[in-house]
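The block underneath contains the structure these notes are about, expressed in structure tokens.
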Amino acid sequence: MFVTIHRIARLTFEEVVFYTIRISNNECEFDDFITRLGTEKKYRPQLALIFQLINEMGADGGAKECFFQHRIPSKNGDLHVSHIEIKKGNGTLILYCLRLSDSLVVLLNGGVKTHNDIEKCESKNHYEFAAKMAVGLKAAILKAKNMDVIEGIAELSDNTQIEIV
Amino acid sequence: MKKTNEIEGNKLFDEILNEIPDTEKAFNTKSFQISSQIISILENRNMLQKDFADSMGKSEAEISKWLSGVHNFTIKTIAAIETNLGETIIVTPKQFSNMTKAVEVLISRVNVSNISWPSLNLKLEVDTKPFVPPTKIFPINHASFKEVEFTKSDINIESYLPTGT
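For the record, the sequence lines run as chains A and B. Per the numbering used here, residue 9 is the first one in the first sequence, and the count goes up by one each step. Per the numbering used here, residue -18 is the first one in the second sequence, and the count goes up by one each step.
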């Protein structure tokens, strides 16, 4: 399976650029996250806060590591799955991402956090996909530029296709 | 690198973002800015979150909450952080105005002294978002940019405060 990376124009800031991915001809993952959860009134406050946090990172603070959480601790040097988690009112929403640097983040998908144990959580499938994306993206970046993924890059290549196995 | 295939972004993003009440949006922004300010100080000092937690007598988990960008800081906590770090996190407009006047006085005194500067031009760098007291003065050398940083211990700002401050 191949996915393509797309810059999100609305979320292109001076400090940070946010990307998302598209699987085949389907909707982009971040758009799917917004559409799926945004149509449910009870999750809109949590979504709004996630969006404001993304906006603030872009406008001022940068995508610092401390603004993200990790369900599973990363091994040093690996590109790992991060997430933004907001607990408010009726539930906790979780948006999985790949944070390449303070200025480059790939926003993926997510859902409702129903359990602290990822194996028992409703959003497990999105986490697993994000983990596969991490492996594929790191390989693609290293192959393309022979660059340490931890340092991050300014832009991702046009039509970058990443193989997910 | 080539530019990516750009996508506009989901229209629901702004629709949901604009549903946040103004007061709540302002609160979120201030929370984020305070977190960013603390992070900036820690980065400038190459201070790890663990060391910061130890110095504050707090757990790493609590510090992670502080720096998450969505924490509800109390004034007491901010005062404790400022005291511990010896740095200002929040400045009122009046304080900022007084500190600006103090630095202007300092500059005027330096210009008439016999101190040899690389350049007669002194540029005052002031960060106004959020209000940050000026702690750096950059002498600019026209041949090459030369930055000289003065710490608070080098300049006794208090002695230059306008009378009655």
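All C-beta atoms in this analysis are idealised placements derived from N, C-alpha and C, irrespective of residue type, glycine included.
Using a Cβ-Cβ distance under 8 Å, would Gly46/A count as near chain B? Using beta-carbon distances, Gly46/A counts as an interface residue toward chain B, with a partner under 8 Å.
Sequence-distant residues of its chain with Cβ nearer than 6 Å to Phe38/A (five each side left out): Same-chain partners within the cutoff: Thr28, Leu115.
I need the straight-line Cα distance from Glu35/A to Thr12/A, nearest angstrom please. Cα-Cα distance, rounded: 11 Å.
Pairwise C-alpha distance: Arg26/B and Ile1/B: In a straight line, the C-alpha of Ile1/B is about 35 Å away from that of Arg26/B.
9 Å Cβ cut-off: residues of chain A touching Glu(-11)/B: Neighbours of Glu(-11)/B on chain A, chain order: Ile16, Ala17, Arg18.
Rounded to whole angstroms, what's the CA-CA distance from Thr20/A to Glu64/A? Just pull it up for me. Computed Cα separation, rounded: 12 Å.
Cβ shell of Glu130/A (< 7 Å), same chain only, five flanking positions each side left out: When the five nearest sequence neighbours on each side are left out, the beta carbons in the same chain lying within less than 7 Å of the beta carbon of Glu130/A are those of Gly119, Val120, Thr122, in order along the chain.
Which chain C residues sit within Cβ distance under 9 Å of Thr43/A? The structure shown contains no chain C; its protein chains are A and B.
Report yes or no: is there a C-beta of chain A within less than 8 Å of the C-beta of Glu43/B? No, Glu43/B lies away from the interface with chain A (no Cβ there is under 8 Å from its Cβ).
When the cut-off is 8 Å and only beta carbons count, does Lys6/B lie next to chain A? At least one CB atom of chain A sits nearer than 8 Å to the CB of Lys6/B.
How should Ser17/B be labelled, buried or exposed, when 16 other C-beta atoms within 10 angstroms of its C-beta is the threshold for buried? Buried.
Using the rule of at least 16 other Cβ atoms within 10 Å of the residue's Cβ for burial, across every protein chain shown, is Asn154/A buried or exposed? Annotation note: pLDDT 44 at Asn154/A (below 50); position unreliable, no value reported.
Which of the three DSSP states, helix, strand or coil, is assigned to Leu145/A? In the displayed model, Leu145/A falls within a helix according to three-state DSSP.
State the start and end residues of the unbroken alpha helix (DSSP H) segment that holds Thr58/B. Per DSSP, Thr58/B is one residue of the alpha helix (DSSP H) stretching across 56 to 66.
Measure the CB-CB distance between Phe(-6)/B and Ile42/A and report whether it falls below 8 Å. Closer than 8 Å, so yes.
Expected contact under 8 Å - CB spacing of Glu(-13)/B and Arg30/A to nearest Å: In fact, because the Cβ distance is near 12 Å, the residues do not count as touching under 8 Å.
Which of the three DSSP states, helix, strand or coil, is assigned to Gly50/B? Judged by DSSP in its simplified three-state form, Gly50/B adopts coil rather than helix or strand.
Reduced DSSP category for Ser16/B - H, G, I as helix; E, B as strand; rest coil: Three-state DSSP puts Ser16/B in a helix.
For the candidate residues Met80/B, Ile71/B, Gln76/B, Glu(-11)/B, whose alpha-carbon lies nearest to that of Thr55/B? Here the closest residue by C-alpha is Ile71/B.
Alpha carbon to alpha carbon, how far is Asn133/A from Ala139/A? So the two alpha carbons sit approximately 10 Å from each other.
Distance between Ile58/A and Lys50/A (C-alpha atoms, nearest Å): For Lys50/A and Ile58/A, the distance between alpha carbons rounds to 14 Å.
Can the beta-carbon of Phe13/B be found less than 8 Å from the beta-carbon of Gly69/A? Taking 8 Å as the cut-off, the Cβ atoms of Phe13/B and Gly69/A count as close.
Determine the burial state of Asp192/A: buried for a count of at least 16 other Cβ atoms within 10 Å of its Cβ, exposed for fewer. Absent from the model: residue 192/A. The displayed extent of chain A is 9 to 173, so no value can be given.
DSSP on Ser32/A, reduced to helix/strand/coil? Residue state, collapsed to three classes: coil.
First through last residue of the alpha helix (DSSP H) which encompasses Ala56/A: DSSP places Ala56/A inside the alpha helix (DSSP H), whose first and last residues are 52 to 64.
With DSSP as the reference, label Gly(-10)/B as helix, strand or coil. DSSP places Gly(-10)/B outside both helix and strand once states are collapsed to three, so it counts as coil.
Which two residues bound the contiguous alpha helix (DSSP H) that contains Ala34/B? Its alpha helix (DSSP H) spans residues 30 to 37.
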